[in-house]
Structures are given as C-alpha cells and as structure tokens.
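Engineer: When the letters of the sequence shown are read in order and numbered with the UniProt record's numbering, they come out as residues 1 to 535. Just passing along the structure, written as structure tokens.
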Amino acid sequence: MAPSATGPSASEFGFSAAQTVAVIGAGISGVSTAAHLLKQGLSVTVFERSSVSGGVWHYDERASRDPQYPNNKPSLGDYSVSRPGEYGSTRYNQNILNGNGVKAINNIKDGFDDSPDTEVLFSPPGPCYAGLKTNVPSTLMFSSLTPWPEGTEPSVPQSQVEEYIRRIAKEHGVDDVTLFHTRVDEVRKTGAKWEIRSVSLEGANHLVEQISSFDMVVVASGHYNMPRIPDIDGLKELKAAYPGRVSHSKQYRDARKYSGQNVLVVGAGVSALDICRELDGVANKTYQSVRGGMFDLSETLLPSSAVRVGAVTGFGCLQHDRLDGGEVKSLRGAIYAPLADGIVLADIDHVLLATGYITSYPFLRHLHSDTTPTTDAGQDVLVTSEGDMAHNLYKDMFYIPDPTLSFVGIPYHVATFSLFDFQAQALARIYAGKAHLPSQEEMRREYEERVREKGYGRGFHSLYGAGQEVAYVQALVELVNRDIDGTTAVKPMLPHSESWVREYEAMRASKKVTSFPRAPVPGEQVGIMSSRTTE
C-alpha cells in the first residue's frame, strides 16, 4: 500500500543533496532530470532499458511486436514483467550501482529464447519513424543545459534531435551514471527506502536481476510505450485474420510499405497527420477517420490526396473465392469500414491506428487499479482502468501520498524540451533541500481544485489552453523561489524569457486545432465509398 495521504507534511521528508535518486528513462525528460540532479550534488542512477539515450527520438528500423487487440489492462504495460528471482538475483549497494562502468553479472536463464527478437521483446522499440521532425520550433523547444548547434533550423529531423539529447547526456555526466539495457520491473517502498528490482540484458540471452535501494525515485519513462487499441466492432477479428493489414502507428517506419495501397488512418493527432503527409504520392488513396475531438488537428493541414471522414463504427472483410483446378480457393478480400454517418469505406488495403497510448507504469503495478473507473480513483491510486491520466500528482510531478516518488514529462501540448527542463530544475532543487514543497494537505487541495476545473481524463494533463504552459512554469518558479531571501547563495530559478513568451504566443496564434467532420444528415442513404473509384 502507498503511504497515507494524511501522513507527515512534505517538508518533513528531509530532502537533501546527501540522498540517492533513481531516474527511470533516458529520454529528454530523464536526461534533463538526471543532469539537474547531478548539478545539485545528488547521487543519481539512471535506468534505461534500451542501448542508448534519446527516448522516443531514437530511431530503430525494427518495430515493436503487435500489441493485444483490444489493448491490455494499463498495469500490464508494453512488456512482460519478470517474476522476482526469475533471472537470479544480485543485490548491489549504491556505490557499485552508480557509474557507467557497471557490468551486470551474467546469468543465463535456461530455455531463454536466443533469437533476433530478444532485444525487441526486452525493450520494445519506440514510435520514432524515419521522417519524424519536431513540430515546435527549436527556438522554443530547447534545454537550458545545452544550446542547439548554431544554424539549427526551426524544424529539426529526428537524427539531430537524438544527437542533441545524447550530447546533453554526455556533456553533463548523465551517461556516466546510466545503466543501459537495464529495465525496471518493480518499484516498491520498503521502510524509508524505495527498492528497485531491475533486469539487465547483456548479449543475446544473458539476463540478470538486480535489486537496489534509493531515497527518491523519478519516473521519466514517457507517454509513448503502450499503444491504445480501440475496441471497435470487428477490429480484433480483422487483426486475427489478416495480422499484416492492421497496425498501430508505433510500428510505422516509412511510407514505402504502403505504396499503391488504400490506407485508412484512424486518429486526428500529430502522428496521424504526419503519416497522411508521408503517404501523399505513395499510397493510392488515404482516408483519415476522426471522431471530432476537442484536440483534433485541422483538416486544412492534410495533403490534398487525403480525405477526412467521420468515426469508424466497425470493420469487416469481403472474402472472395475462385475455382482453381476444381478446388475453391479463398483470396484476401477488401477491408470495409462503416462510419458513424452511414457511409461505408470499401476496398481498404491497410488500417493504421494512430489512436494514441495508454498511461501505464507496469513497474508500479501496485499503484494501478485496472477495475476502477477514472472518476472513482482513490487518494493512493496512480492509474485507473481507462489509462487516460496519472492521478494524485501535485503539479503533474509529485506523488501526493509520498513525494519521494515523482514524475517528469507528463504534461502535453507543450514545448516539451523546455517545459521538462523547468520541471527538472524545480525537482532537483526540491530534492536537494534548496526548495520546499507545501504540506500534503495543501498539495491535495490544489490537486482537487484542478480536478474540479479540468475534469478527469486525457485533458487533465493538457496545457493547450491560452496561457496555461507559461502559467504552469511560472507557478513552478514561484514554488522554488519562495524561500530565497537573499541570505543564502541559492540563485533564483528563472522563468521563460519575454522573447520566448512572445514567440510562443505567435506560434499558437498561427495554429488551428479543431476541425470537426461533417454531421450526418438524418435519413441519408447509406452508400459505398469505393477507394478505387475516380471521384
């Protein structure tokens, strides 16, 4: 069980630079956090399940394995969590753990699958595709730790972003305290310490379990791990019958695979839009299905070759038979998809689900409740059945029942690198004892007020509203600066610059977000929209 929310005030946790911190994840949020913690003098160990830092910006031509259709419960995550002791167990003290030179002892699990898929199963590749670029200008999306190289364009390709993150990690000592190929399978509070059970992969089939203890834990594992697979009528059956014709955007790498095909992209976010753009001139026909959500990107951003349609209500496949030498042969048929407005899309070759991701922390399974609706979350629960938000976090960062557990990188619709850098600065100052959290009662009151204002669900962590991102950062700055009185050597944390705010507001003004599909006409005759018919 998590510590009680009526326990000691946050100021009584005794944060200081003499303590140890585990950071889970070496993407931009984890690298930024570790770097700022190191600057404040704390002892840091970073756990990264892949072979490099970079997070979602690391391109791997391999794709992750198919998720379950529909998706699993949030607590199960995107990988198979090992059982305690499954791979042998080695307990390391903090001094041994803290360093890039750490080499896990090799234990070979009998019967472990020694195949090219081993690494993919251990550390599923992320959603980065070959043509991925930033959609926020580099003048707004940067780290205070290291500037972009001189001459960097506003829109930065994936390879340069990954290089930038890795440069931050190298220059600020994060690589020296990172355990690569080390996956965290369980995090649990034992007495005054957090115990982390991790599994390291060395070579093709060498696995070892490690157990280590820390004073604080920072989760920086990102949003884009567990695909959200909608429970649409017929989708599960279609995937089972034709597994190669249905995929999630996490598995998308480039458009060449879809050359000459008719593709239905389901979703209205950035990935869906990017994929539609990449399919332009490659696919025979592209449809984008949207539900008309408040965060749908504008239809005007689509290429002219893509057609936006309404929500899909089901899937099916037309089976064709032919007589071959007196024997009936079944041939692959065309996928069809009825829409909410009565139209039916026909002759679809591939369904690509750009339907987002589930909030999931499988290493904190005891803080999940897969049977509890979002609106019924108790004061100790982190993730509920819908997997659409992280509950009980003060400022989207500190776990209110026990602030020695924290999160960096949860807010979205933000200039990610910059916002996560502000979060990391604030967290590092607090964990070093140079700034203080309010009492748990005050944190609880602020959280519940935010729930009343924003409601539960996906939109809770969005800072898209006018002024929200700037106000969020300003609140962090005021929090960490409120105890600075000029009698100490602690320098104030600085907010966004005025020039940054001006450019940010100009960027927002140039973007339109919502574009709803046309409403169905009462009594409209159901038709077939054949994607190979000239319109």
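Cβ atoms here follow ideal geometry from the backbone N, Cα and C, with glycine treated the same way. Every value quoted in this text rests on a predicted model; they were computed, and no experiment measured them.
With DSSP as the reference, please indicate the residues paired to S499 in a beta bridge.
Structural biologist: Its beta-bridge partners do not exist; DSSP assigns none.
Engineer: Let me confirm a value: R452 is counted as buried when at least 16 other C-beta atoms fall within 10 Å, else exposed. Which label applies?
Structural biologist: exposed
Engineer: How is P227 classed by DSSP in three states: helix, strand or coil?
Structural biologist: The answer is strand: DSSP assigns P227 an E or B state.
Engineer: Excluding the 5 residues flanking C276 on each side, which residues of the same chain have their C-beta closer than 7 Å to its C-beta?
Structural biologist: V265, T286, Q288, L302, P303 and A306
Engineer: Pull up the distance between the alpha-carbon of G25 and that of G88, whole angstroms please.
Structural biologist: G25 and G88: Cα-Cα distance of roughly 23 Å.
Engineer: Inspect the beta-carbon positions of Q19 and D215 and report whether they are closer than 7 Å.
Structural biologist: yes
Engineer: Assuming Q423 is part of the beta strand (DSSP E), what are its boundary residues?
Structural biologist: From DSSP, Q423 is part of no beta strand (DSSP E) but of the alpha helix (DSSP H) over T416 to Y431.
Engineer: I need the straight-line Cα distance from E48 to P492, nearest angstrom please.
Structural biologist: Rounded to the nearest angstrom, the gap between the Cα atoms of E48 and P492 is 31 Å.
Engineer: Report the CB separation of V52 from R166 in whole angstroms; it is logged as a contact under 8 Å.
Structural biologist: 7 Å
Engineer: Can you list, in chain order, the residues of its chain with a C-beta nearer than 8 Å to that of V81? Leave out the 5 residues immediately preceding and following it.
Structural biologist: Counting only Cβ-Cβ distances below 8 Å, and skipping sequence neighbours, we find D185, E186, P362, F363 and R365.
Engineer: With DSSP run on the structure shown, which of helix, strand or coil describes R308?
Structural biologist: The three-state reading of DSSP puts R308 in strand, counting E and B together.
Engineer: Can you say whether Q440 is buried or exposed, counting buried as having 16 or more other CB atoms within 10 angstroms of its CB?
Structural biologist: buried
Engineer: Indicate the three-state DSSP secondary structure (helix, strand or coil) for R183 in the structure shown.
Structural biologist: Strand.
Engineer: On the criterion of 16 or more Cβ atoms from any shown chain inside 10 Å, does L393 qualify as buried, or is it exposed?
Structural biologist: buried
Engineer: Under the assumption that H181 contacts C128 (Cβ atoms under 8 Å), give the Cβ distance between them as a whole number of angstroms.
Structural biologist: Their Cβ separation, rounded to whole angstroms, is 18 Å, which puts H181 and C128 out of contact at 8 Å.
Engineer: Counting C-beta neighbours from all protein chains within 10 Å, is the total for M294 16 or more, i.e. buried, or is it exposed?
Structural biologist: exposed
Engineer: So, D396 versus P411, is the Cβ gap smaller than 7 Å?
Structural biologist: yes
Engineer: If the criterion is Cβ atoms closer than 7 Å, does the pair S420 and S16 meet it?
Structural biologist: The sequence given here has Phe at residue 420, not Ser. Not a contact, by the Cβ cut-off of 7 Å.
Engineer: Is there contact here, the region 219-235 with the region 366-383, by at least three beta-carbon pairs under 8 Å?
Structural biologist: no
Engineer: Could you tell me if P124 is buried or exposed, where buried requires 16 or more neighbouring beta carbons within 10 angstroms of its beta carbon?
Structural biologist: buried
Engineer: So what does R188 bridge to, in DSSP terms?
Structural biologist: E195
Engineer: At the level of alpha carbons, what is the spacing between residue 537 and L132?
Structural biologist: The chain is shown from 1 up to 535; residue 537 falls before or after that span and cannot be answered.
Engineer: Which of helix, strand or coil does DSSP assign to Y258?
Structural biologist: helix
Engineer: Strictly by DSSP, which residues pair up with E202?
Structural biologist: H206
Engineer: Can you give, in chain order, each stretch of the beta strand (DSSP E) that sits fully within the region 143-171 and has at least 3 residues?
Structural biologist: none
Engineer: Out of curiosity, what's the CA-to-CA distance linking F422 and I168?
Structural biologist: 15 Å
Engineer: Between V383 and the rest of its own chain, which residues show a CB-CB distance below 6 Å, the 5 nearest in sequence each way excluded?
Structural biologist: P74, T359 and H368
Engineer: So, is the C-beta of H436 closer than 7 Å to a C-beta in chain B?
Structural biologist: Looking for chain B here will not work: only one protein chain is present.
Engineer: Kindly indicate which three-state DSSP category N106 falls into: helix, strand or coil?
Structural biologist: Summary for N106: the model assigns pLDDT 32, below 50, so the residue's position carries little reliability; its value from the coordinates is reported in the next sentence. Coil.
Engineer: Pick out whichever of A220, R183 and A428 has its Cα sitting closest to the Cα of V208.
Structural biologist: R183
Engineer: Since A354 and G267 should fall inside the 8 Å C-beta cutoff, what is the C-beta to C-beta distance between them, to a whole number of angstroms?
Structural biologist: 3 Å
Engineer: With distances taken from CA atoms, which of Y357, A428 and G465 is nearest N72?
Structural biologist: Y357
Engineer: Using the Cα positions of H436 and L140, report the straight-line distance between them to the nearest angstrom.
Structural biologist: Answer to the nearest angstrom: the Cα atoms are 28 Å apart.
Engineer: Work out the CA separation of G409 and R458 for me, nearest whole Å.
Structural biologist: Going by the C-alpha atoms only, they are around 15 Å apart.
Engineer: List the endpoints of the continuous alpha helix (DSSP H) containing L121.
Structural biologist: That run of the alpha helix (DSSP H) goes T118 to F122.
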